[in-house]
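These notes are about the structure you will find just below.
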Amino acid sequence: MADTPRGDDLQEVARAAARAFDLVPTGPDEPAPRDGIAQRLETDPDTVERDLIKLVLTIVELLRQLMERTALHRVDQGDLREDQEERIGMTLMILQDRMTELCERYDLTMEDLNLDLGPLGSLLPRDSG
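Just so you know, the working numbering puts 40 at position 40 of the sequence shown, and the rest follows in order with no gaps.
So this is what it looks like as structure tokens:
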């Protein structure tokens, strides 16, 4: 039988998610929740575009890394012809360049896209150097 998450573990993950998405009460007269986890997102008209771009780029980067790992696995297995390998490699390089351009345009770093999931670690693998 697989281990099921304990209630304490789930609460810690919920607190980490709340911190990652900057969840806060909507106004000063709204009481703070008993468990310390806010129920609404703080929305600032000046940063909403940047925050949305950050979320979208985080998802795109996660998918890009998954595609890259899949491609490397297929290359290692010999599943691809040479022209397919070249096309996939070129596509992944172009996608990485576009990610870099968008991060620069919105004053984000790749580390900004890496959400801290508390006890689960970070969403994206950290570069080793």
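Yeah, the Cβ is synthetic: ideal placement off N, Cα and C, and Gly gets one too. Since we're looking at a predicted model, the values are computed, not measured.
Query, Result
"In whole angstroms, give me the CA-to-CA distance for Arg98 and Asp46.", "24 Å"
"Please report the distance separating the alpha-carbon of Pro125 from that of Gln65.", "9 Å"
"May I have the straight-line CA-CA distance separating Gln77 from Glu86, to the nearest angstrom?", "16 Å"
"Applying the 10 Å Cβ sphere with the 16-neighbour rule, what's the burial state of Thr58?", "buried"
"Measuring CB to CB, does Ile88 end up less than 8 Å from Ala71?", "yes"
"Could you give the uninterrupted runs of the alpha helix (DSSP H) lying entirely in the region 44-90, keeping only those of 4 residues or more?", "48-77"
"Pull up the distance between the alpha-carbon of Gly118 and that of Asp112, whole angstroms please.", "15 Å"
"Return the CA-CA distance between Leu52 and Leu123, expressed in angstroms with no decimal places.", "17 Å"
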